[in-house]
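Have a look at the structure below before the remarks.
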Amino acid sequence: MDGELSRRKFFREGFRKLADGLKATASALYSDVESFTESAFTIRPSLIRPPGALPEKEFLEKCTRCNECVRVCPQQAVMKFVGEGSVNHLTPILNLRKSPCVLCEGFPCVEVCQPAALVQPISRRHVQMGTAVINIKLCHAWQGADCDYCFKECPFPGEAITLDDSRRPHVVEASCTGCGLCEHICPSRQPAIIVRKIAY
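Using numbering that gives the first Met the number 0, you'd call the opening residue of the sequence shown number 0 and step up by one each time.
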C-alpha cells in the first residue's frame with residue numbers, strides 16, 4: 000500500500016513539475032513575442048509616422064491618440080501602434096509593407112489633425128516620412144535579375160529612385176518621400192528595399 004502511494008506521489012510530483020516547466024516556457028515565449036512585436040517596428044530603427052509628422056519628441060507631445068488620421072485614411076495605410084507601456088501606444092504609424100502611403104491629394108490625415116501633430120506639407124514632393132534603403136544582397140536587380148518594380152512604382156521615378164547602366168536601382172535620399180510604395184511592391188520575400196525613419 001505504501002509503495003502504491005509513493006508511486007502515485009512520484010507521478011503527481013512529476014506531472015506538477017512538468018506543468019510548471021511548460022507554464023514557465025510558455026510565459027517566456029509569450030514575453031519574447033511581446034518584445035518582438037515592439038522591436039519589429041522599432042528596428043527600422045524607429046516608427047514611420049504619417050506625412051507631415053512633427054519631429055518625434057514634439058509629435059508625441061502633441062498627438063492625442065484621437066484616431067482621426069487612422070479613420071480618414073482612404074488607403075487604410077495609417078494604423079495604431081499597439082504596445083502597452085510604450086510611449087508610442089495608440090499613436091499613428093505606417094506599416095509600409097502591408098499598405099504604403101500614396102501621398103493623397105490634400106493629405107486628409109493632416110487635415111483632420113486638430114492638435115497639429117501632423118502639419119500640411121508644401122507639396123507631395125516635400126513629404127519626408129523616411130528614406131528608402133536598398134539591401135543589394137537581397138535585391139533581384141543587384142543580383143543580376145531583370146527587376147525594376149521599385150523604379151516603376153515610385154511616384155517620382157528618375158528622381159527618388161534611379162537606375163544605373165546595369166538597371167540596378169539607387170535611392171536619391173534628398174528626393175525620397177518615404178512613402179513605401181517601393182517596399183510594398185518589392186517581390187523579394189524579405190523586402191530588399193525598406194524605408195527607414197529620418198533622424199531629426
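Yeah, the Cβ is synthetic: ideal placement off N, Cα and C, and Gly gets one too.
Determine whether the beta carbon atoms of CYS146 and ALA191 lie at a separation below 7 Å. The Cβ atoms of CYS146 and ALA191 do not sit closer than 7 Å to each other.
Proximity to PRO91 [Cα-Cα], best of CYS100, GLU158, CYS68 and VAL101: Ranking CYS100, GLU158, CYS68 and VAL101 by Cα distance to PRO91 puts CYS68 first.
Please confirm whether ALA140 and ARG96 have their CB atoms less than 7 Å apart. Taking 7 Å as the Cβ cut-off, ALA140 and ARG96 do not qualify as a contacting pair.
Nearest-angstrom Cα distance between PRO186 and ALA159? Each residue's CA atom was taken as its position, placing PRO186 and ALA159 some 19 Å apart.
Tell me whether the beta-carbon of VAL171 lies closer than 7 Å to the beta-carbon of GLU182. Against a cut-off of 7 Å, the Cβ pair of GLU182 and VAL171 comes out as no contact.
Quick check on LYS151: does DSSP put it in helix, strand or coil? In the structure shown, LYS151 falls within a helical segment according to DSSP collapsed to helix, strand and coil.
What's the call for ASP31, buried or exposed, on a 16-neighbour Cβ count within 10 Å? Reliability fails at ASP31, whose pLDDT of 32 lies under 50, so the model's placement of it is uncertain and no value is given.
Quickly, what does DSSP pair MET128 with across the bridge? List them, please. Listed as beta-bridge partners of MET128 by DSSP are no residues whatsoever.
Going along the chain, which residues of its own chain have a beta-carbon closer than 7 Å to the beta-carbon of ALA115, five neighbours each way excluded? So the qualifying residues of the chain are LYS61.
Buried or exposed: where does PRO54 fall if 16 or more other Cβ atoms within 10 Å of its Cβ makes it buried? PRO54 is exposed by the Cβ-count criterion.
Beta-carbon separation (whole angstroms), SER98 vs GLN75, contact threshold 8 Å: About 6 Å separates the Cβ atoms of SER98 and GLN75, confirming a contact at the 8 Å cut-off.
Let me check one thing: in DSSP terms, what residues is PRO114 bridge-paired to? According to DSSP, PRO114 bridges with nothing at all.
Could you please give me the residues that DSSP links to THR161 through a beta bridge? Answer by DSSP bridge pairing, in chain order: HIS169.
For THR176, which option in PHE155, HIS169 and ASP164 has the closest C-alpha, if you only look at C-alpha atoms? Nearest option by C-alpha distance: PHE155.
Proximal residues to LEU80 (C-beta, below 8 Å), its chain only, five neighbours per side dropped: Residue 80 is actually Phe in this sequence, not Leu. If we look at PHE80 and ignore the five residues flanking it on each side, its Cβ neighbours are PHE40, LEU46, ASN87, HIS88, LEU89, THR90, PRO91 and ILE92.
In terms of residues, what are the limits of the alpha helix (DSSP H) holding LYS56? 55-61 is the span of the alpha helix (DSSP H), which, as asked, contains LYS56.
Name, in chain order, the residues that DSSP records as bridge partners for PRO156. In the DSSP output, where bridge partners are listed per residue, PRO156 has ILE160.
Residue from PRO73, LEU180 and ASN134 whose Cα sits closest to the Cα of CYS153: Comparing Cα positions, the closest option is LEU180.
Rank CYS65, ASN134, ARG124 and MET128 by C-alpha distance to the C-alpha of GLU104 and give the top, closest one. That would be ARG124, whose Cα lies nearest to the Cα of GLU104.
Under the assumption that CYS149 contacts MET128 (Cβ atoms under 8 Å), give the Cβ distance between them as a whole number of angstroms. Incorrect: roughly 16 Å between the Cβ atoms, too far for contact.
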